[in-house]
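Residue numbers (the numbering used here), protein chains in the order written: chain X, 1307 to 1530; chain F, 1307 to 1530.
For every residue, glycine included, the Cβ atom is placed at its ideal position computed from N, Cα and C.
What follows is a set of notes on a single structure, which appears directly below.
Number of protein chains: 2
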Amino acid sequence: MTGRADRGPAPRRSQAPRARTGRRAGDSGTREAILQAARLQFADRGYDGATIRAIAAAAAVDPALVHHFYGTKERLFAAAMRLPFVPSEVITAALTEGGHADGGSVGEHMVKTALTVWDNAGVRAAFVGILRSALTSEQAATMLREFITEAILRPVAAVASDTDPERTPFRSSLVGSQMLGLALTRYVVQLGPLAVAAPDELAAAIGPTIDRYLTGDLGPAAGR
Amino acid sequence: MTGRADRGPAPRRSQAPRARTGRRAGDSGTREAILQAARLQFADRGYDGATIRAIAAAAAVDPALVHHFYGTKERLFAAAMRLPFVPSEVITAALTEGGHADGGSVGEHMVKTALTVWDNAGVRAAFVGILRSALTSEQAATMLREFITEAILRPVAAVASDTDPERTPFRSSLVGSQMLGLALTRYVVQLGPLAVAAPDELAAAIGPTIDRYLTGDLGPAAGR
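In structure tokens form, the structure reads like this:
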């Protein structure tokens, strides 16, 4: 997957024990300091308000090093939240033509891709943790909202119908409501058949919903 | 609304101070003991496992008194969770023919009814509290799952397509995924336009999704 959050050496790439070098230990200490500073900054200032410059300052490192390790703010956020993928990259891959060469619709492919990503226990733990924070703290809810808007709604909006651009944010937030609801129902509440259904069955059932939210008829907009 | 959780005297029915009688104070103390015992039993044994008999025993009252105050286990649960309505009654009202005499579809009416109920701040607080518990404790997640299955999926299943009864639980859990996702997106994450959209606009956009989940084509079932 291209979307791994942290491009650094994967800790379990080799199962064999490896002699630690001073350099590696230093790297890992610096990374952890950056991630801790990032968690605090994102919590304090929200996703939009946090800057790589301020996070670097809090971690007492050069901003260039943060860029070197994590590239973008979204990648840094994903690493800080222990997401093993970068949402916008996965979504963009799922939404591009090449991504659904299996003949399914964009919506079906989005559902299948999400289920594949979510089948990772680490992803589910991160999702539950972020959601729990959002339910407990207004700040965390703001952070989650800003992050979803930037990293998830924006790439989704790029494939939504553009016959009425003013409605694009409404379309992508509808997609968000069904996808968040699917995650919550399947992994947290574990509701009946939805918790155990095969990805293909869920894609066939929910994909057309996503397609309609993206490009279909949603009825009249309010106040027009 | 017929669905108020606690049919006893509403504490704020009159704003005027009222002299307390021994009988009323006893009632209120007994009710509180029952609700506390109910919260513990539901948390310990889940929704299915808890019984009115065991709750009465824990509160040191006669089971007949619990029935007298709360009628059914669902009403007792709704009161214990501080839900100001009884889910199955609201859903049944929303789903019956008489309920959507305004010409909208069953799905549109379900969305509008849910938004009306959720607009109550107390309902939102209860929803957030229950969801937070479910994210923190496996027991609470089980309780929520069992309650949703019994009080929400069952009445929804009654109006789902019965051409393939085996798929009815799948249909109603799909409805649950979109409705839970709507609540989460609108009230907790407060995502973009979805947080502020008028109920009519949301009903027009999401209603057809619910209708399709209830009775439409969902593609082939897995393994058939």
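Item	Value
Against chain F: residues of the region 1445-1478 of chain X by CB proximity under 9 Å	Ala1447, Thr1448, Leu1450, Arg1451, Ile1454, Thr1455, Leu1459, Arg1473, Pro1475, Phe1476, Arg1477 and Ser1478
Where alanine 1535 of chain X meets chain F, residues with beta-carbon distance less than 8 Å	Because chain X here runs from 1307 to 1530, residue 1535 of chain X falls outside it and cannot be looked at.
Endpoints, the alpha helix (DSSP H) within which serine 1411 of chain F is located	Taken as a continuous stretch (DSSP letters only), serine 1411 of chain F belongs to no alpha helix (DSSP H), as it is neither H nor E.
Amino acids of chain F, ordered along the chain, whose beta-carbon sits closer than 9 Å to that of alanine 1349 of chain X	Ordered by position in chain F, no residue passes the 9 Å Cβ test against alanine 1349 of chain X, which lies about 16 Å from the chain.
Contact under 7 Å by Cβ, isoleucine 1358 of chain F with alanine 1343 of chain F	no
Pick from F:Ala1489, F:Ala1511 and F:Pro1526 that is closest to alanine 1503 of chain X, judged by C-alpha positions	F:Pro1526
Glutamine 1496 of chain X, enclosing alpha helix (DSSP H) - first and last residue	Neither: glutamine 1496 of chain X is in no alpha helix (DSSP H) and is coded neither H nor E.
Simplified DSSP state of arginine 1388 of chain F, which is helix, strand or coil	coil
Residues of the region 1408-1435 of chain X whose Cβ lies closer than 7 Å to any Cβ of chain F, in chain order	Val1434
Three-state class that DSSP yields for threonine 1422 of chain F in the structure shown	helix
Interface flag, leucine 1500 of chain F vs chain X, CB-CB below 7 Å	yes
The region 1443-1455 of chain X in contact with the region 1489-1502 of chain F per 3-pair CB rule at 8 Å	yes
Supposed close pair valine 1423 of chain X, phenylalanine 1383 of chain X - CB separation, criterion 8 Å	Their Cβ separation, rounded to whole angstroms, is 16 Å, which puts valine 1423 of chain X and phenylalanine 1383 of chain X out of contact at 8 Å.
Chain-order list of residues whose beta-carbon lies under 6 Å from that of threonine 1515 of chain X (same chain, five-residue window excluded)	Gln1484
Proximity of leucine 1486 of chain X and alanine 1511 of chain F at Cβ, strictly below 7 Å	no
Chain-ordered chain F contacts of glycine 1355 of chain X [CB-CB under 9 Å]	Result: empty, since nearest Cβ-Cβ is about 17 Å, beyond 9 Å.
Glutamate 1444 of chain X, enclosing alpha helix (DSSP H) - first and last residue	1444-1453
Below-7 Å beta-carbon distance, valine 1495 of chain X vs any chain F residue	yes
Alpha-carbon spacing of tyrosine 1376 of chain F relative to proline 1475 of chain F, whole angstroms	28 Å
Proximal residues to phenylalanine 1453 of chain F (C-beta, below 7 Å), its chain only, five neighbours per side dropped	Tyr1353 and Phe1383
Contacts of glycine 1352 of chain X in chain F (Cβ-Cβ under 8 Å)	Within 8 Å Cβ-Cβ: nothing; glycine 1352 of chain X doesn't reach chain F, min ~13 Å.
CB of arginine 1473 of chain F within 7 Å of CB of tyrosine 1519 of chain F, strictly	no
Sequence-distant residues of the same chain with beta carbon closer than 7 Å to phenylalanine 1348 of chain X, five excluded per side	Ala1356, Phe1383, Ala1386 and Met1449
Residues near threonine 1398 of chain X in its chain [Cβ-Cβ closer than 6 Å; skip 5 each side]	Pro1461
Alanine 1503 of chain X (DSSP reduced to helix, strand or coil)	coil
Assumed close pair serine 1411 of chain F, aspartate 1517 of chain F - CB separation to whole angstroms, cut-off 8 Å	5 Å
Span of the alpha helix (DSSP H) around valine 1465 of chain X	1460-1465
Through-space distance from isoleucine 1436 of chain F to aspartate 1350 of chain F, alpha-carbon basis	15 Å
Pairwise C-alpha distance: alanine 1370 of chain X and alanine 1482 of chain F	It should be pointed out that residue 1482 of chain F corresponds to glycine in this sequence rather than to alanine. Answer to the nearest angstrom: the Cα atoms are 46 Å apart.
Interface flag, glutamine 1484 of chain X vs chain F, CB-CB below 7 Å	yes
Exposure of threonine 1378 of chain F, with buried meaning 16 or more beta-carbon neighbours within 10 Å	exposed
Cutoff 6 Å; reference valine 1434 of chain F; Cβ partners in own chain excluding five residues on either side	none
Distance CB(glycine 1335 of chain F)-CB(glycine 1413 of chain F) smaller than 7 Å	no
Assumed close pair alanine 1339 of chain F, alanine 1365 of chain F - CB separation to whole angstroms, cut-off 8 Å	4 Å
Amino acids of chain F, ordered along the chain, whose beta-carbon sits closer than 8 Å to that of leucine 1488 of chain X	Ser1483 and Gly1487
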